[in-house]
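Working notes for the structure below.
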Amino acid sequence: MVDYESLDDHQIMERVSQADKDALEALYNGYRTPVYSLAMFMLKQPPLAEEATQDIFLNVWLKASSFNADRGQPRAWIMSAATTR
Numbered sequence: 065m066v067d068y069e070s071l072d073d074h075q076i077m078e079r080v081s082q083a084d085k086d087a088l089e090a091l092y093n094g095y096r097t098p099v100y101s102l103a104m105f106m107l108k109q110p111p112l113a114e115e116a117t118q119d120i121f122l123n124v125w126l127k128a129s130s131f132n133a134d135r136g137q138p139r140a141w142i143m144s145a146a147t148t149r
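Numbering of the sequence shown is given in the numbering used here, commencing with residue 65 and proceeding in unit increments.
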């Protein structure tokens with residue numbers, strides 16, 4: 065059993081890119097609030113913000129292997145995905 069709280073975001077993203085569902089859950093738990101808040105700011109409607117949040121984390125799951133740690137932090141990558149949705 066992996067203790068995700070002891071891993072940094074780069075390590076968690078690496079595990080997500082290896083199709084680790086528990087790592088995605090850890091990432092979701094860490095970032096769902098800021099992603100949802102940004103979606104609410106942009107969309108102004110809770111149902112749309114919730115849908116956007118789910119879509120963003122689905123894209124994180126599908127595109128995790130394209131994350132390049134040399135180019136930035138996972139938080140920036142996730143929030144960037146939120147602004148371009």
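We treat Cβ as the ideally placed atom computed from N, Cα and C, and that holds for glycine.
In chain order, what residues of the same chain lie with their CB nearer than 7 Å to the CB of residue 117, ignoring the 5 residues before and after it? 96, 99, 100 and 103
What whole-angstrom Cβ distance do residue 92 and residue 121 have, given they're in contact under 8 Å? 5 Å
Mind pulling the alpha helix (DSSP H) runs of 4 or more residues that sit fully within the region 92-136? 110-127
Given this structure, state the Cα-to-Cα distance separating residue 115 from residue 141, to the nearest angstrom. 19 Å
Considering only the alpha carbon of each residue, which of 65, 138, 146 and 105 lies closest to residue 119? 146
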